[in-house]
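J.:
Here it is, written out as structure tokens:
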């Protein structure tokens, strides 16, 4: 969902009573530099804050992975994904693209 479309999405949520989204999720720019990933997390936090003001929806933030979870937490993450930090890198068939 594009950031500029979130307001309309939130406005339509009451029409779908069985849909219960709890928050927003993002993957930051792929970089080890906090100053490059920080704006990604700040944008999602602002979008979440706007959605909560609009109708109390989407209060949780899922952002940050093993390489940037500290910055995500500093920017308000409720959920981080740190599997690689715990279990190590996975071997994937396309892993050579990401090395």
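In the numbering used here, the protein residues as written are 25 to 123.
Glycine included, C-beta positions come from ideal geometry on N, C-alpha and C.
All of these numbers come straight from a predicted model, not from anything done at the bench.
Need the endpoints of the beta strand (DSSP E) that residue 105 sits in, please.
T.: 103-105 is the extent of the beta strand (DSSP E) around residue 105.
J.: Alpha carbon to alpha carbon, how far is residue 89 from residue 57? Give it in angstroms, no decimals.
T.: The straight-line gap from Cα to Cα measures roughly 13 Å.
J.: What are the start and end residues of each continuous alpha helix (DSSP H) run of 4 or more residues lying completely inside the segment 60-101, in chain order?
T.: Listed in chain order, the complete alpha helix (DSSP H) runs (minimum 4 residues) inside the segment 60-101 are 93-98.
J.: What is the DSSP secondary structure of residue 48, reduced to helix, strand or coil?
T.: Of the three classes helix, strand and coil, the one that applies to residue 48 here is strand, per DSSP.
J.: Run the CB neighbour count on residue 34, radius 10 Å, all protein chains shown included, and call it buried at 16 or more, exposed below.
T.: That one is buried.
J.: Could you spell out the range, first to last residue, of the alpha helix (DSSP H) harbouring residue 32?
T.: Looking at the DSSP string, the run of the alpha helix (DSSP H) that includes residue 32 is 30-36.
J.: Whole angstroms is fine: what's the gap from residue 9's alpha carbon to residue 28's?
T.: Any property of residue 9 remains undetermined from this structure, which presents the chain solely from 25 to 123.
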